[in-house]
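2 protein chains.
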Amino acid sequence: MCTGLSVNKLLIQGKRTMSSLFEIVEQGSIVSPRGFKAGGLHCGLKKTTRNDLGVIVCERPAHTAAVYTLNIFQAAPLKVTRESVAVEQKLQVMLVNSGNANACTGEQGERDAYAMRDAAAAAFSVEPHLVGVTSTGVIGELLKMDKVLPGIANLPQHVHNRDGEDFCQAILTTDLVKKEICVRVQIGGQSVHIAGAAKGSGMIHPNMATMLGFITTDANIGGAELQSLLNEVTDVTFNMITVDGDTSTNDMVVAMASGLAPYEPLNERHPDWTAFKAAFYYVSEYLAKAIARDGEGATKLIEVEVRGAISDESARAIVKTIIGSSLVKSAVFGADANWGRIIAAIGRAGQPVNPLTVDIRMGDIVVLHQSAPVVFDEDKAAAYLKGDLVKFEVNLNGGEGVAVGWGCDLTYDYVRINAAYRT
Amino acid sequence: MCTGLSVNKLLIQGKRTMSSLFEIVEQGSIVSPRGFKAGGLHCGLKKTTRNDLGVIVCERPAHTAAVYTLNIFQAAPLKVTRESVAVEQKLQVMLVNSGNANACTGEQGERDAYAMRDAAAAAFSVEPHLVGVTSTGVIGELLKMDKVLPGIANLPQHVHNRDGEDFCQAILTTDLVKKEICVRVQIGGQSVHIAGAAKGSGMIHPNMATMLGFITTDANIGGAELQSLLNEVTDVTFNMITVDGDTSTNDMVVAMASGLAPYEPLNERHPDWTAFKAAFYYVSEYLAKAIARDGEGATKLIEVEVRGAISDESARAIVKTIIGSSLVKSAVFGADANWGRIIAAIGRAGQPVNPLTVDIRMGDIVVLHQSAPVVFDEDKAAAYLKGDLVKFEVNLNGGEGVAVGWGCDLTYDYVRINAAYRT
Chain A
1 MCTGLSVNKL
11 LIQGKRTMSS
21 LFEIVEQGSI
31 VSPRGFKAGG
41 LHCGLKKTTR
51 NDLGVIVCER
61 PAHTAAVYTL
71 NIFQAAPLKV
81 TRESVAVEQK
91 LQVMLVNSGN
101 ANACTGEQGE
111 RDAYAMRDAA
121 AAAFSVEPHL
131 VGVTSTGVIG
141 ELLKMDKVLP
151 GIANLPQHVH
161 NRDGEDFCQA
171 ILTTDLVKKE
181 ICVRVQIGGQ
191 SVHIAGAAKG
201 SGMIHPNMAT
211 MLGFITTDAN
221 IGGAELQSLL
231 NEVTDVTFNM
241 ITVDGDTSTN
251 DMVVAMASGL
261 APYEPLNERH
271 PDWTAFKAAF
281 YYVSEYLAKA
291 IARDGEGATK
301 LIEVEVRGAI
311 SDESARAIVK
321 TIIGSSLVKS
331 AVFGADANWG
341 RIIAAIGRAG
351 QPVNPLTVDI
361 RMGDIVVLHQ
371 SAPVVFDEDK
381 AAAYLKGDLV
391 KFEVNLNGGE
401 GVAVGWGCDL
411 TYDYVRINAA
421 YRT
Chain B
1001 MCTGLSVNKL
1011 LIQGKRTMSS
1021 LFEIVEQGSI
1031 VSPRGFKAGG
1041 LHCGLKKTTR
1051 NDLGVIVCER
1061 PAHTAAVYTL
1071 NIFQAAPLKV
1081 TRESVAVEQK
1091 LQVMLVNSGN
1101 ANACTGEQGE
1111 RDAYAMRDAA
1121 AAAFSVEPHL
1131 VGVTSTGVIG
1141 ELLKMDKVLP
1151 GIANLPQHVH
1161 NRDGEDFCQA
1171 ILTTDLVKKE
1181 ICVRVQIGGQ
1191 SVHIAGAAKG
1201 SGMIHPNMAT
1211 MLGFITTDAN
1221 IGGAELQSLL
1231 NEVTDVTFNM
1241 ITVDGDTSTN
1251 DMVVAMASGL
1261 APYEPLNERH
1271 PDWTAFKAAF
1281 YYVSEYLAKA
1291 IARDGEGATK
1301 LIEVEVRGAI
1311 SDESARAIVK
1321 TIIGSSLVKS
1331 AVFGADANWG
1341 RIIAAIGRAG
1351 QPVNPLTVDI
1361 RMGDIVVLHQ
1371 SAPVVFDEDK
1381 AAAYLKGDLV
1391 KFEVNLNGGE
1401 GVAVGWGCDL
1411 TYDYVRINAA
1421 YRT
């Protein structure tokens, strides 16, 4: 038991130890935790026939925690979900549509979001305040409610506990692959599941929350404990990815706990708290990395670790500056070991850094030591950078602060996708 | 006389009036101000035969003002130039090389920068502290001093007052076009010139100064007045452009005044101060816009104006967030009137904004009024966005703060250029 250990320290110092605390459920899904079902269908918001309406349903009101974008222009559904959660910190039905973000849609947009909530409450026979609503897609266009409302009415027939496939398909926009994970952890001698699903893949530079993330668990945990854990974990997982530096209007991560696992309520004093926390962190990190890897146009996942900063916060700011640099991202796309762009990013991050003591490694290749260039094998570096996972390790040698973050390369396809997204 | 008027207010409120205060010299160049010569040659740092070494020389020590990058990893030549200017706030020889930034090159890099200064002092028979040095190009590689030093020795033979062509060619890296401007203004009944030259075009997100900018004038102005004016003007010109959000290690703007214009010294109490300031502003804005327009891979100049912010500083932060957004830049490249990306950028700028009172115009097309979407003609908008100058006007309706900034679109060519810059 080490309840005081921050997730950040867990992450950096004990990643290998952590993974022994839980196991990955190979065929697991968002509905593996007891009490959850999910489904999806095509109601007509997307031009293709892909699913564009999805739902997660719990057999009883689930303790719920949520984090929302800090973008000032929060989309209407976020307001509605926030109101719902505020009533008793529980949700039973989590509704989502893709193809339209219902953001910057004024009063009509709010009325539409409330109408979606009411329709889902009616369809699933629950109180409106037990329904959360979230949307993703184009900003500034009104929802086609003549498509959405009949779709919601049909949803109950499409809900099942077979897998999360229909739901996961319903939340994708420019994503290429679904992002879903399930782990199992022993709490009080009983199996508990934590599962998650998420979407990216553009306007990804989360601040307090990311584009859509959904976590389900059958853990017996209260809303306050769940919210506290979600806050802590989000800061070092979803908030540590960037695709393009743009923080969306619709970012939200929701965690729902059915409480159906049969043991004493979980909290920081529980002997298995660390295992649960490690498993919860793993689910969040997995989804965050999956979003970064599937960033618009991306061919690679970039992982940046900064050590030796004056604080964890400072390390995080530097990590985000490096993974957000268009020049670093382009160099990775071109497999160019241009570490000068990394050093330039560190230097403009607005953090205290000693310009004489910086070490940089690309994989296991040292390219900078004590701020002086190290001669390295360019061919070996290029070969490393051509892989689909590129790691940069920076040691500032100036303190104990550490952070890890994830991004992706900047490619022709990012430009292609975003030059013609709306039209 | 309106000496208290800030450049920002001059800019926004009196742009048309301003331009009547001075005239553009069509064939003018960096050597049009009395007392200045310039030149350039190819010494062997660039792989092509393009000029890679340039110099501006004044016939006597010129009052000099300079602003430098805030990147922590300032390149060696900046340290040397700063030391030179500190002695008597004068420079007579301003040396520049392209093809190698001499940044992150450790103690050897510093020795090389001092050696360049000493060589130029010897070649032009001036004291070393009257020589400034600046470099641009790849970070982290040592300069080929066996090319640079003979080049400097040859420079005096290549210096002339015909035009700035050789010098302007010598400062380019990935730039496609030279950036040069000259204006004439009447001070005390006498003609005074202000001229400038600059380079971009990647790693452009200046903070206190930009990639290289050189301003010459024959105005009779002291170093303190020139520095104060340069600081004020840089904040609203060079510091208001972004190509890729990356602040370079080598940014510097230098202004040199030969003082050869025959009239009383210029200062804020001089009756023609406003005219001089307007002309100086115009030169800086021209160069800043030219850098943005020639950003790596750019096909368009984007101008963003924000009004109605709580302060000018707040407006500036919002402008920079919009012009720095990869999604906004990609949409402009694709001529997609996707104003949702502008609103998302405003909302994540970290500034106080009322989410209900925002107006947005693209050219003269209103797309958002009081934060509600306005139906507009998509074809007309697309036609406007296909032009080579795209203006976005945002009114937050929340105060008196105003700012204007410039950027460029994000294109396939930006990715191509930066995926293979070094190799």
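In order, the protein sequences belong to chains A and B. With the working numbering applied, the first sequence corresponds to residues 1 to 423, in that order. With the working numbering applied, the second sequence corresponds to residues 1001 to 1423, in that order. We put the beta carbon where it would ideally sit given N, CA and C, even for glycine.
Apart from the 5 residues on each side of it in sequence, A/G200 sits with its Cβ closer than 7 Å to the Cβ of D175, M211, V243, I291, D294 and G295 in its chain, given in chain order.
The Cβ neighbour count for B/R1060, taken over all protein chains shown within 10 Å, is under 16; the residue is labelled exposed.
A/G363 is a Cβ neighbour of A/Y384, given a cutoff of 9 Å.
With 16 or more other Cβ atoms inside 10 Å of its own Cβ, A/S258 counts as buried. For B/S1228, the uninterrupted alpha helix (DSSP H) segment begins and ends at G1223 to V1236. Within 8 Å of the CB of A/T247, the CB atoms of chain B belong to A1344, G1347 and R1348, in sequence order along the chain.
Residue contact check for B/C1104 against chain A: a CB pair falls below 9 Å. A Cβ of chain B is located within less than 9 Å of the beta carbon of A/D336.
Within the model, the alpha-carbon separation for A/H193 versus A/R34 is close to 8 Å. Taking C-beta atoms under 8 Å as the contact rule, A/V233 and A/Y286 fail to qualify, at a distance of about 12 Å.
Here A/I291 carries a helix assignment [DSSP, helix/strand/coil]. For the stretch 1318-1396 of chain B, the continuous beta strand (DSSP E) assignments of 3+ residues that do not extend past its boundaries occur at 1359-1362, 1365-1369 and 1389-1395, in sequence order. Around the beta carbon of B/E1378, fewer than 16 other beta carbons sit within 10 angstroms, so the residue counts as exposed.
Annotated three-state conformation of B/Y1263 is coil, per DSSP. Between B/V1394 and B/E1305, the CB-CB gap stays under 9 Å. In this structure, B/K1144 keeps its C-beta atom at 9 Å or more from the C-beta atom of B/L1053. When DSSP states are grouped into helix, strand and coil, A/P61 belongs to the strand group. By the rule that beta-carbons nearer than 9 Å mark a contact, A/T411 touches chain B. The DSSP-derived three-state label of A/S284 is helix. Collapsing the DSSP output to three states places A/H160 in a strand. Around the beta carbon of B/D1146, fewer than 16 other beta carbons sit within 10 angstroms, so the residue counts as exposed. Taken through DSSP and simplified to helix, strand or coil, A/N220 comes out as coil. Cβ-Cβ distances below 8 Å link B/V1367 to A1337, W1339, I1360, R1361, P1373, V1374, F1376 and A1381 in the same chain, with the five nearest sequence neighbours on each side left out; the list follows chain order. Residues of the stretch 1061-1079 of chain B with a C-beta less than 9 Å from any C-beta of chain A: T1069, L1070, N1071, I1072, F1073 and Q1074, listed in chain order. Pairing A/G222 with A/H63, the inter-Cα distance amounts to about 6 Å. Per DSSP, the beta bridge partners of A/A66 are A/V254. Your pair B/A1066 and B/V1085 checks out as a contact, with CB atoms roughly 6 Å apart and the cut at 8 Å.
Beyond the five residues adjoining it in sequence on each side, A/S330 comes within less than 7 Å, by CB distance, of L410 in the same chain, given in chain order. Put simply, the CB of B/V1138 is near chain A, with a gap under 9 Å to one of its CB atoms. For A/D244, the residues of chain B that pass the 7 Å Cβ criterion are S1326 and L1327, in the order they occur in the chain.
L1410, T1411, Y1412, V1415 and N1418: these are the residues of the stretch 1394-1418 of chain B whose beta carbon lies less than 7 Å from some beta carbon of chain A, given in chain order.
According to the DSSP assignment, B/G1106 belongs to the alpha helix (DSSP H) that extends over G1106 to F1124.
By the C-beta criterion, the stretch 22-34 of chain A is judged to be in contact with the stretch 168-187 of chain A, since at least 3 inter-stretch pairs fall below 8 Å. B/G1196 and A/G347 have their C-alpha atoms roughly 28 Å apart. B/Q1190 and B/W1273 have their alpha carbons spaced roughly 13 Å apart.
In the DSSP assignment, no residue is bridged to B/Q1074.
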